[in-house]
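Numbering (this note's numbering), first residue to last: 3 to 329. Each residue gets a CB set at the ideal place from its N, CA and C atoms; glycine is no exception. Contents: one structure, followed by commentary.
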């Protein structure tokens with residue numbers, strides 16, 4: 003009797019598994035049959051938004067369904083991430099994530115999601131250098147002069163970021179530590195409002211990605227003092243690196259990429275990766291990236307997962323050393 007019961011149980015389990023797999027395969031084959039939401043965890047106007055719209059436009063064409071870019075800003079990009087982590091894993095809700103999310107893991111004491119466990123990486127879209135810019139009314143013409151100003155009046159000079167726990171926040175903290183200065187951090191919800199206040203002179207400087215400030219640098223409305231990556235940016239070839247400017251070993255940039263909820267069918271993730279990588283490798287997209295100072299990437303889900311793991315570990319140390327913490 004026991005043998006028959008076990009056999010029947012095994013058959014039922016196998017049947018249930020077969021139904022689940024068949025349902026998953028059928029869904030993957032039918033995907034997409036409706037519009038897709040690509041969530042940007044910052045307000046419109048920043049690099050995340052610009053990249054999401056560039057990818058979304060072309061992805062709409064290749065998939066034959068609308069890709070709608072939606073902004074869900076707040077809490078240093080974590081509100082938008084939490085929304086996607088809890089979304090139905092059917093391929094219709096995606097996140098334009100960024101390096102900020104690997105930092106938030108260490109900065110926020112309590113997060114409602116696990117960035118490594120609750121997401122399925124699709125591909126890294128681009129790497130964008132960050133740039134130290136100041137308002138033209140700041141007398142400093144280079145990093146050395148800026149550090150001298152900051153040392154003369156500790157805590158008076160302000161730097162804006164995209165929010166507590168974001169890449170810009172950590173870069174600013176690293177700049178303070180390596181430069182031996184004290185600045186006043188002013189968090190914003192994104193690059194849009196941050197850049198507006200920077201242009202208006204409400205804050206002294208920012209360490210934002212090149213994209214939102216590049217037009218203003220070229221127009222002379224902002225002054226670029228240094229880029230934060232180890233090498234100079236093709237978009238600003240005459241601007242030195244922080245390493246060249248005396249902060250030896252300074253090397254921090256910002257990557258952006260697409261992720262789906264963790265349980266999204268593998269076939270859907272594979273299809274998304276294939277379509278987005280084709281977009282990234284197209285001459286038209288590469289030209290768009292050059293125009294905004296971004297370096298196109300287009301890697302595999304596995305490579306992006308490794309990148310997330312490595313960055314989470316790397317930034318955990320930087321966060322600890324910089325004593326950055328948010329309840």
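Quick check on DSSP: helix, strand or coil for residue i?
i           : result
residue 275 : helix
residue 246 : coil
residue 1   : No answer is possible for residue 1: it lies beyond the span of the chain, which begins at 3 and ends at 329.
residue 85  : helix
residue 118 : coil
residue 225 : strand
residue 238 : coil
residue 155 : coil
residue 125 : strand
residue 188 : strand
residue 145 : helix
residue 259 : strand
residue 25  : Since pLDDT at residue 25 reaches only 49, below the 50 mark, its modelled position is unreliable, and the value read off the structure follows with that caveat. DSSP places residue 25 in helix when its eight states are reduced to three.
residue 107 : helix
Only counting the same chain, and skipping five residues up and downstream in sequence, which positions put a Cβ closer than 7 Å to that of residue i?
i           : result
residue 46  : 73, 194
residue 324 : 172, 175, 176, 179
residue 255 : 129, 130, 131, 132, 230, 231
Quick one: residues in its chain with C-beta nearer than 8 Å to the C-beta of residue i, no 5 flanking neighbours on either side, listed in chain order?
i           : result
residue 247 : 144, 145, 146, 227, 228
residue 153 : 182, 183
residue 312 : none
residue 142 : 136, 148, 150, 151, 227
Between the options, which has its C-alpha nearest residue i's C-alpha?
i           : options            : result
residue 130 : 121, 215, 204, 109 : 215
residue 327 : 32, 97, 112        : 112
residue 66  : 33, 43, 49         : 33
residue 52  : 159, 196, 294      : 294
residue 202 : 139, 217, 303      : 139
residue 239 : 85, 199, 219       : 219
residue 192 : 55, 292, 200, 163  : 163
Are the CB atoms of residue j and residue i within a distance shorter than 8 Å?
i           : j           : result
residue 133 : residue 212 : yes
residue 135 : residue 79  : no
residue 165 : residue 186 : no
residue 297 : residue 128 : yes
residue 40  : residue 70  : yes
residue 281 : residue 61  : yes
residue 257 : residue 49  : no
residue 252 : residue 272 : no
residue 321 : residue 188 : no
residue 103 : residue 83  : yes
residue 170 : residue 310 : no
residue 275 : residue 242 : no
Starting from the C-beta of residue i, find all residues in its chain whose C-beta is less than 6 Å away, skip the five residues before and the five after it, and write them out in chain order.
i           : result
residue 26  : Bear in mind that a pLDDT of 48 at residue 26, under 50, signals an unreliable position, so the number given afterwards is only what the model happens to contain. Closer than 6 Å at the Cβ level, and outside the excluded window around residue 26, lie 267.
residue 288 : 298
residue 307 : 123
Just checking my contact of residue i with residue j at CB under 8 Å: how many whole Å lie between their CB atoms?
i           : j           : result
residue 263 : residue 91  : 4 Å
residue 161 : residue 261 : Contact doesn't hold; Cβ gap of about 29 Å is too wide.
residue 270 : residue 58  : Actually they do not touch by this definition, with Cβ atoms about 17 Å apart.
residue 2   : residue 292 : Nothing about residue 2 can be reported from this structure: the residues present for the chain run from 3 to 329 only.
residue 290 : residue 56  : 5 Å
Shorter than 8 Å from the beta carbon of residue i to some beta carbon of chain C?
i           : result
residue 195 : Any reference to chain C falls outside this structure, which holds one protein chain only.
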